[in-house]
Ligand SMILES: Nc1ncnc2c1ncn2[C@@H]1O[C@H](COP(=O)(O)OP(=O)(O)OP(=O)(O)O)[C@@H](O)[C@H]1O
Ligand SMILES: Nc1ncnc2c1ncn2[C@@H]1O[C@H](COP(=O)(O)OP(=O)(O)OP(=O)(O)O)[C@@H](O)[C@H]1O
Ligand SMILES: [Mg+2]
Ligand SMILES: [Mg+2]
């Protein structure tokens, strides 16, 4: 329908979070540059089921290729392999499939390595060790598991470039990691007020917590708010992920040590760029793709933002958002 | 003198029913006009039209010689027209005073409209006392017995500064004492020039209170009687169009001796501080149960039927003890109850006549659990005919029937089966004379077949007419038992008001 | 029946629109997808509908689905229980949950809304606890089953066949047996039903059992259809879709009203609506708006036809409303 | 009043437990946090409670909160509208939404559950659309307001003071004016109220307006408390917490029952419960289980006391139940 004549490609995120707006901007830029029609889909629920319905419907609309940030890639492998990749070009963004042959390539952050970077920030903030606590929306999301594992492995002194097969259970409490002790991992079901409440309660329960780490975008601002509100003169260090304006503000004021940012703009841009090439029959584009690793993995490097580079970074962000 | 209110040429049709056709009605100031007619004659519909609940299809209403159009209850109230509905309309979660003054609470605090609780309760107590309702005005209405609730409705209507007061069967659950009190209040209102429209199926009341009677039949005017002409025979003649012979028929007066002992109730209690109740009902016996309002007759029936938890007591049927924990158990043991409040306990108002009649007999109307609809329909048709239920068809929604016809459906539901003990709680509430005699005949018939019958009624005439024996309750206990030979109105009232048993 | 014409017409309209927005060669494949989704969603809707007829309501359906899926994967993945055995355990758990709900509502006299709200919280938590907030590797062990269910027979999804089976059974039960009649009686006037000698408590418990049992089946279908269980998201919002479907299809939450075909149509409308939104490429953020508004329109049409208004009345309704308004 | 003793005792128990699990020097700060949360959650609960008294229910509260927060940030961030003006607009929108809900329920005779279910979908979508799925930079422009509200007076959070203000107003309205009396009458028997000449439609609409208006206030408090709006998550589940709080506090969803103090206690129980879970360091995944079970226990105690059982009866209840069970 609505024949623009251009081949159609799509990007399906895993939820409707504001994070994906950056990816959408990147995807739109690539679509314009490489002359394809883009559909950017953000499901209202972060479930594998809704996502699957969206992809099925896309395939019934002559979509030439799709980039997906999958919910539960592990178990949906067969779906992606047999129902999607066998029919149209499939690229994974942000989250990879366990079987690299099931898709053309992966574009995204290496969440485990990003987690390790956050671990380094923790070490830097409290070199003498102490109690730490982790905050995240849900623990059954793979990026949450990977980031958390990265942090814990660095603190425990384990050296690895890839996610280990055996992970620390989500409900581990008072886990000793060298000089560091993990009090626990608090989940809030993606609700910021709940994260705030849990951070406040943790500060009252464990006044001696030395570092609090927020793994998802809204976690650090909530932690920051709780720390600011706490009567305790000894403020714990905060380590953050993502580029929430309040997080950046906290870094500027020195209340947050630093944040690990991904580059979702690039997720979108590169995904659509790859798909556009496939759609135009250039199937060997990946062979010459810069920085591609084994198994067709293209890592968009994370960055560590601290007080030193926060201003330049924020200017960059504003540019993308057109602010 | 020109009439106070005059309705001419009123027509009203419902799907499948022409409820009113060209009906005339006029009433003078200070007059008590009774409206009578068989069930479904259109009385309630006419009253609802006057009070703004329904709009007529045709016809005009004039008040003080000015035409009026009443579009809502509120507008009717502005005109001074107040209707007490045949069915109760009370807010159960509010207290007595709250219900009496609902919509007209005395307030203070100007625009804030705070409720003046003291004035509210003082005024409520005054009105309630006038009617003999002595229960504290802070009692929640859902805790009251049906008769008491009816008094609250009446109190509410009387408290309104009305010019035309319409009472649609106000006394159907009241005993004689309360009725007498109501009549004295009505007389007082009459002297103040208030017009009163009074509907009742208790023709004795009509004889006492009415200045004039208008009779409706099949939605049309059937005649009028003036004071002096009003008597039972004339009323029935106009209502039914023929004379009714024997009203209370007890053809099988002589009990057939049976080898069964019937039902024995021993030391039954449902309230902690209550002396146990003990009585027996033999097969083939019709036992009346009298008592004042709130004496606990309904509660006794509910306890026997397993709706209310009993604290102590044993019930045996033909010598076999039975354990009743829920109505299903009672029914299995052969005890049926025709409940007092048809709208809440007796009927599924939103369902059809057919389904309501069959609901208690479904296992017998099914095979392997599958319903046999044709049998169900045949049963419903037969019962409707027998009880003279006036309905456009057995598919009609029960809620659309007239009050008396609804009551007939409740009776039809149970009387298609043969019980061991049939408890009827105010079975003839709102039922016209013709159908009443039919029901008495049926009770007689059932008794003859060996059922024991316990009939609770507030209508002493009825109790005296049909019972072999009368049990009288007073304040939650059994005050005494009277045999047919010793049955008089005085004897019953003596026991009901707490007098010593003479036997 | 008559009151279903409105929503049935709406369903047809949706389908025509979907066809209009879809390439012809994709029709077949899209039809298959639709039959699949209706099959999966319909099961819990049928359960919810049966319960709603008795005047009950179950807010815990989504969490029960999640809980049952969690038990299933715990048995199959962690304990290598054979799949048929695991299925039996899951179905029994579903029935048991329903029995507990029913017990609380009848014997303890609690409000259904409250009891099942507790369930909504509790079973979700229990699922997370069972799965330990991890994603179980369920895909491989159930591959065969999943392949079977995702297949088709006469180009209709197996899921829909299953639903149709349940639908026929449910219809016979609700509309042709005395038990179904008792469901309606209880929903319309519980006291009157009790006074008529119906074992009200038993039938109410039965309704809860059926609802949760159907939720357990829905959980299995969910697992087989996407081969995935995630404690934090599996079954989310399913109670709302189930109730919405039943209500769209003519059930009244006041109880005593409902018809099984209606529940099916209601579910189908929800599935088609979401499909249409994708096919017509409506902005994602507007999807919930479209669903909400469509539900509302359906409800309005339905209520109007039920009150005996004709289609012509409906079309002139806005004007009438305006007049009524301005009159005061 | 008497029927509140059960949940009040439960509340006290919770508080004692919290104290037991918390270091003494943190008591003050924890108390402050609690007052803050009760303040924020209590507002929507009060609104929901007022509506429930009239026999209505509003499932859209959470989405309305999200929608109002979205409008607010759209006005303040994108259009630089002065904050007081934005607040007025938000409150009016809230009231308007309530009026629409009320209109649909009264004039069109739709079921409240259905209408507000539509709202649950529609307003969430509308919020996403307004915010274009982005995270607005709301923190800076509202910094002063946020600081004020997050402050305290007499070591009680401003949020709680606000709630107390609304509570006093609401209590007077519901329990001392004729309007409140009409709410009860309508909830208890709508027809009786209508026959008493009460303008039932007006009061029902008023109840919906109040509920959504309170939701709009709650939206503002939510924004001021966390300085953040996110279309996909703001206000999620708030309708469930609001209704649960009201019901815990003695409202019956059948209508006609409820007391404002109860709603406050109900909210407080929910807030304290979650605090206790943190302080006692109960496993995260079990949190929903604890909440669900505690709700249930409350409901059981409440219902039993309401039926006139004494505490002693309650304690011997399991035994009695058992006997009743085994007897048949
Ligand atoms: N809402 C309605 N819908 C359909 N039919 C109705 C409705 N209300 C009344 N009717 C019918 O109109 C007729 C007159 O009913 P009405 O209630 O006026 O009788 P009535 O004289 O008050 O009888 P009763 O003595 O039994 O109370 C009856 O046949 C009844 O079935
Ligand atoms: N003084 C009183 N105060 C409060 N309630 C009372 C009082 N007297 C009676 N009642 C109520 O009346 C109930 C007894 O009602 P029941 O329905 O059994 O009476 P009844 O004999 O059938 O009278 P009715 O003719 O009014 O139906 C008691 O349970 C009680 O709730
Ligand atoms: Mg009548
Ligand atoms: Mg009685």
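Residue numbers (my numbering), protein chains in the order written: chain A, 1 to 323; chain B, 1001 to 1503; chain C, 2001 to 2328; chain D, 3001 to 3328.
Glycine included, C-beta positions come from ideal geometry on N, C-alpha and C.
Remember, it's a predicted structure, so these values are computed and weren't measured experimentally.
For residue 1073 of chain B, the enclosing alpha helix (DSSP H) stretches over residues 1073-1079.
Under the DSSP definition of a beta bridge, residue 2090 of chain C lacks any partner. Residue 2038 of chain C and residue 2218 of chain C do not touch by the CB rule: their CB atoms are close to 12 Å apart, not below 8 Å. Taking all protein chains shown into account, residue 70 of chain A has 16 or more neighbouring C-beta atoms within 10 Å of its C-beta and is therefore buried. Under the Cβ distance rule, residue 1351 of chain B counts among the residues neighbouring chain C, one pair being separated by less than 7 Å.
If you check the CB distance, residue 1059 of chain B and residue 1010 of chain B come in under 7 Å. In the structure shown, residue 312 of chain A adopts helical secondary structure according to DSSP, grouped into three states. In this structure residue 295 of chain A is exposed. Its beta-carbon is surrounded by fewer than 16 other beta-carbon atoms within 10 angstroms. Here residue 3055 of chain D carries a coil assignment [DSSP, helix/strand/coil]. The beta-carbon of residue 1105 of chain B is placed no less than 7 Å from the nearest beta-carbon of chain C. At least 7 Å separates the beta-carbon of residue 1155 of chain B from that of residue 1082 of chain B. With a threshold of 6 Å, the Cβ atom of residue 1340 of chain B counts as near ligand 4, since some heavy atom of the ligand is closer than that. By the 16-neighbour rule on beta-carbons within 10 angstroms, residue 150 of chain A is buried.
Judged by DSSP in its simplified three-state form, residue 3107 of chain D adopts coil rather than helix or strand. The criterion of a C-beta distance shorter than 7 Å is satisfied by residue 2185 of chain C and residue 1348 of chain B. Straight-line spacing of the CA atoms in residue 1493 of chain B and residue 1114 of chain B works out to 45 Å.
Shortest gap from the CB of residue 1408 of chain B to any heavy atom of ligand 1: 6 Å or more. In this structure, D:3084 is the residue among D:3176, D:3130, D:3084 and D:3015 with its C-alpha nearest to the C-alpha of residue 3141 of chain D.
Ordered by chain, the residues meeting the criterion of a beta-carbon within less than 7 Å of a non-hydrogen atom of ligand 4 are B:1145, B:1146, B:1147, B:1173, B:1297, B:1298, B:1340, B:1425, B:1426 and B:1456.
Per DSSP, the continuous beta strand (DSSP E) segment holding residue 180 of chain A begins and ends at 180-187. Considering only beta carbons, the part of the stretch 3118-3129 of chain D lying closer than 8 Å to chain C consists of 3118, 3119, 3120, 3121, 3122, 3123, 3124, 3125, 3126, 3128 and 3129, in chain order. Among the residues facing chain C, residue 1371 of chain B is included, as its CB has a counterpart in that chain under 7 Å away.
Not one beta carbon of chain D lies nearer than 7 Å to the beta carbon of residue 131 of chain A.
With a threshold of 7 Å between beta carbons, residue 75 of chain A makes no contact with chain D. Per DSSP, the unbroken alpha helix (DSSP H) holding residue 3062 of chain D starts and ends at 3061-3073. Ranked by how close their Cα comes to the Cα of residue 130 of chain A, the residues A:221, A:147, A:284 and A:209 have A:209 in first place.
With a threshold of 6 Å, the Cβ atom of residue 1325 of chain B does not count as near ligand 1, since no heavy atom of the ligand is closer than that.
Under a criterion of Cβ atoms nearer than 7 Å, the residues of chain D adjacent to residue 225 of chain A are, in order, 3226.
If you check the C-beta of residue 1042 of chain B against ligand 3, you find no heavy atom less than 6 Å away. Ranking D:3033, D:3021 and D:3122 by CA distance to the CA of residue 2296 of chain C puts D:3122 first. DSSP, read as helix, strand or coil, puts residue 1027 of chain B in strand.
Residue range 1277-1281 is occupied by the beta strand (DSSP E) that includes residue 1280 of chain B. Here the alpha carbon of residue 106 of chain A sits roughly 11 Å from the alpha carbon of residue 99 of chain A. For the C-beta of residue 1300 of chain B, not a single chain C residue is nearer than 7 Å; the gap to the nearest is close to 16 Å. DSSP places residue 1408 of chain B in the uninterrupted alpha helix (DSSP H) bounded by 1403-1415. Taken through DSSP and simplified to helix, strand or coil, residue 1168 of chain B comes out as strand.
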